[in-house]
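The structure appears right after this line, and notes come after that.
Residue numbers (the UniProt record's numbering), protein chains in the order written: chain A, 1 to 340; chain V, 1 to 317; chain L, 1 to 625.
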């Protein structure tokens, strides 16, 4: 054991040095990157405020004294029957039926967030499960599941949504169902590809050679390594679900009136081109929709950069990829033995 | 090679069959009586019975489906419940508007999206890149109809209120009647469609290009002393074509099946608008026809993309 | 006048983590017509140096002076450098697989370069290309002109790369690890070709490599780099037989030589290379130097110049710190030991099934027979694709064989399934090649090493932790690091983790699949020594798979040479090396390139010692800013 005894002091030495690195590894480093990203922070603040508004929308109604579906034909409309613009009573104006846009926006946030988050999570769960099974087991399982994904992706989804709604009539559950059915494949494909490439890695073979069961390998070895794509793609699916829902509502296929939803409000504004004389009918709901999707997209992008700095460039003018990065990676691999 | 395409063709048929089964049986299990849609509210029970017999609705579902399929293969998609015109005619009449919209849109979005993606990737991490990424994020987040409504308000209504016609509010003018008028009416729809879609292409181009620029063969190209422009546009872009074409094929196919939102916003009488009207009218043969047509476009696009792959990538030959 | 002359080149690369000091005040000069070698381990900055001075690293900040044919490369604009690349400086890269554009024909990739630098017609360019392709040994070049890279083998692709680099007859060629990705026998062909070409065209070659044996056999002069610093430079002959810097000496002593018999432990360089994020102070090698003194840790070393032209960056001169080698007493007489593994006529055929076409089958293993005795190390050598890794997995029970039987401790294992198969997993373990890929990056090493205990329900909780820590200590890891993630360890340390995991259940057989081929020489020696000590202390049985004959000879008692799914020769190591019978074995042995043996005493004299300040000019200036 002489050799080992000789080796040990060096290893200990190395570890002392790497202690500094360890302290700000992984989580701390991610947090540091997040805190350095003003756009990401703004997006988070926006999302928090939006959620609060959605949760406490009855308070908004109480505060303004306007029920979301109540029509104020006296105060909310001009003598010619046109809606009034933003004023002291209707902060963001009134719509063509004399309803308070602000209150309806607050209630609409509930629908958008609920549909966005629910649909994103449901699609994520389905996509992750099917993607992992398909990628891990390969063979005919993969062929069948892969073909199913191809099939779903080959369906003209908006047209099918139209057909479904025309049969069953518009409803919230149907909207979510349609969104989930056509969204899970995005996650499924990503997870399938990642799982397939992880399965080829040697640490999976190591687990297998130790006699670990497939379930244990999937849950202990593969799932934790998928956390980055799962977080990022789930976040990214929220805005697309929100837009999907708004689009369905805009086409009159989503939430049934008079329930307030952003897409529905825009559809109302578009009908008979009311918005041409009442800009607030399109600007405020449009802005609400745009800001929300933007916030979630920024969040997703920012999280990806923070969690997976590989895709992120460091300093301007850095065009070299492989050589430099391959070499940096090697440099980092030996960081454990840094003598600082 | 041929075997591969046989497989793809087989799969295409599978997609179309599943799709037809889906829509057909969807309407079969649906509540509501088609005969009443055809006849209107005042029809008597005897009239309804007559209509059911004419439409073959009294036959077993399997027989109905069989006759639907055999007719569809011959190009007969049935007749509209509303005005008894052949569905295929109705759709074909709508195709020029949709195709005009898509072709112009594709050109504009490629012209915007790819250069932005290239600029972003070439200057990764710099101000230019941040600009490009801001464009990408906003474009990805902008719901099509919001952008459409806003541009109508700003570029049609406000100028008109000021007393001049910058762009028309929409509507489709046939190309052969007056090409200039055709283009003028389509400028707003094109840009709206292109701006939101360009973001997707910019992101795709940026991501792919960043990856390719890290490849060893790009270093080889630089080591050969080729100009940077040639390195990017010849060597690097060549390798990013494949994913771009996949995306393009899918997008064109989806839009040809009906660019529903844009057509709705700008009042373009295209295939998508037809579908929306059909839903409002409960006109099932048209809905089935449009869905099947959309599926056919997608399936065809997939096969064309596969063919292009083998042309583009010598390793696939 | 030298063709290329570098003075105090310093390269810094800004990154998110800080500034990387990729090269510190490097000077060298290369005479026209010679082969100049740059040796170093990964992260030594050898590739970065050459890429930066040819303008291929635009993100790097470079200071100093690099005179090429009298002009300073570092003062040139991107355009001027671009004109120089290809026409005056040709380059050959490591991986011919990824260095050629997959979508263009090889001919067009070469003619493109000709057209960039010369105004000639397409026919002339084509003729030039075909001519050059023939010269580098592409048969039937005229018709292969329009083939794509994937239609060539690895060695052929590297020939195409060389043809591309040479076609404009540049005075200088930079070859960056040109043979590392290739099989040994192909390596020899490529090196011969490079050598022949430089003689034919009078080209100067700068050869970047980590392979000291290869360098010793081809280079006229060489420099040794470590962590961005040039530690030694001089004529190759004396550099390798009589190194002036302790690092060079350490590298040579940690490389297993095919000349020496096994059973002796190598002398590794302890520790790991430093981070390049620190501004270099004092001697950069001090932490790992066997003859380190206080001075080395506090003062920058002076440049010592010797009478034979060698220069070393050291306070002292290199000398052996230990008696040459310690006999570890591993000479074993294997015959009377019990058989652990018995492989009988194992065959494996892969069937490629498809929906329409007929079945195609590939025979991967064509009847393998071998026995491994208790306590011995059995080597399996062969080139890539010969089936050696597949055979290992069949023996490990991970891939079912098509025919034949493998018995482990007398128990047939190929037919077992279910619970029995899981039980069998205890008795045979694998150690993998890739120290990064073989450990789950998201799990702590306590959990990774403890996995065998968990899966086989051997120990839990505190008991498991205790056992894991014992194992960690056994393989030379600090047990306090129980809660760390793999990314916090260096390559060599990760390989120790892999070994600890394999040891956990005290298996009858441990299969090492290329365990050191991803490691640098100095680290490789640490791991090889660890393996031998563990074997001696615990009486372990190893199956050792490698493509590197020197390593195999160093650790193995018995060697089987594999080619195309068959064992072509099987013998005791010494006998196999002394009297190879099969032509393939001879071909492999001929391909080995060893550095010249170390000389016992130094005949050279120190003539001048240049103080540190002058040497570190660039760095000092920078520090004072």
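Ideal Cβ positions, reconstructed from N, Cα and C, are used throughout, including at glycine.
For residue 157 of chain L, same chain residues with a beta-carbon under 7 Å away, outside a window of 5 residues either side, are 96, 97, 100 and 149 in chain order. Here the alpha carbon of residue 298 of chain A sits roughly 19 Å from the alpha carbon of residue 118 of chain A.
Taken in chain order, the whole alpha helix (DSSP H) runs of length 4 or more contained in the region 341-409 of chain L are 388-395. Inclusion of residue 412 of chain L and residue 373 of chain L in the CB contact set at 8 Å is not warranted, their separation being larger than that value. Between residue 121 of chain A and residue 234 of chain A, the gap from beta carbon to beta carbon is short of 8 Å. Straight through space, the alpha carbons of residue 243 of chain L and residue 53 of chain L are spaced by roughly 27 Å. As summarised for the region 201-261 of chain V, the continuous alpha helix (DSSP H) elements at least 4 residues long and confined to that stretch are 216-223 and 237-256, given in chain order. Within the same chain, and ignoring the five residues on either side of residue 132 of chain V in sequence, the residues whose Cβ sits closer than 6 Å to its Cβ are 116, 119 and 120. In chain order, 445, 448, 486, 494, 497 and 498 place their CB closer than 8 Å to the CB of residue 439 of chain L, counting only its own chain and leaving out the 5 sequence neighbours on each side. For the pair residue 155 of chain V and residue 166 of chain V, the CB atoms are nearer than the 8 Å cut-off. Contact check for residue 604 of chain L and residue 308 of chain L: beta-carbon distance about 5 Å, within the 8 Å limit, so the pair qualifies.
Closer than 8 Å to the CB of residue 303 of chain A there is not a single CB belonging to chain L. Collapsing the DSSP output to three states places residue 192 of chain A in a helix. When CB distances to chain L are screened at a threshold of 8 Å, the residues of the region 219-230 of chain A falling below it are 220, 221, 224, 225 and 227, in chain order.
Pairwise C-beta distances place the region 284-299 of chain L out of contact with the region 200-208 of chain L, as fewer than three of them are shorter than 8 Å.
Neighbours of residue 202 of chain A in chain L, taken as residues whose beta carbon is under 7 Å from its own, are 432, 434, 437 and 438 in chain order. The beta carbon of residue 161 of chain V sits no closer than 8 Å to any beta carbon of chain L. With contacts defined by Cβ atoms closer than 8 Å, residue 523 of chain L and residue 277 of chain L do not form a contacting pair. Closer than 8 Å to the CB of residue 207 of chain A there is at least one CB belonging to chain L.
Proximity of residue 212 of chain A to chain L, defined by a Cβ-Cβ separation below 8 Å, is satisfied. Closest in C-alpha terms to residue 212 of chain L, from the list L:62, L:75 and L:36, comes L:36. Close to residue 217 of chain V, with beta-carbon spacing below 8 Å, are these residues of chain L in chain order: 98, 99, 100, 101 and 102. In the structure shown, the three-state DSSP call for residue 70 of chain L is coil.
In this structure, the beta-carbon distance from residue 394 of chain L to residue 381 of chain L does not fall below 8 Å. In terms of Cβ geometry, residue 389 of chain L and residue 348 of chain L do not form a close pair [threshold 8 Å].
Taking CB atoms only, residue 233 of chain A has no neighbour in chain V less than 8 Å away. Proximity of chain V to residue 87 of chain L at the Cβ level (cut-off 7 Å) is accounted for by 225, in chain order. Beta-bridge pairing by DSSP links residue 40 of chain L to L:225. 8 Å or more divides the Cβ of residue 23 of chain V from the Cβ of residue 298 of chain V. Leaving aside the five residues that flank residue 181 of chain V on each side, the residues in its chain whose CB is nearer than 7 Å to its CB run, in chain order, 173.
The beta carbon of residue 240 of chain V lies closer than 7 Å to those of 205, 208, 209 and 212 in the same chain, with the five residues before and after it left out. If you compare the alpha carbons of V:50, V:60 and V:2 with that of residue 28 of chain V, the shortest gap goes to V:60. Neighbours of residue 81 of chain V in chain A, taken as residues whose beta carbon is under 8 Å from its own, are absent, since the nearest beta carbon is some 12 Å off. Put simply, the region 240-254 of chain V does not touch the region 119-128 of chain L. Fewer than three CB pairs are less than 8 Å apart. Look at the beta carbons and you see the region 165-184 of chain A not touching the region 258-273 of chain V: under three pairs across the two are nearer than 8 Å. Contact annotation for residue 93 of chain L against chain V: 216, 219, 220 and 223 [CB-CB distance below 8 Å, chain order].
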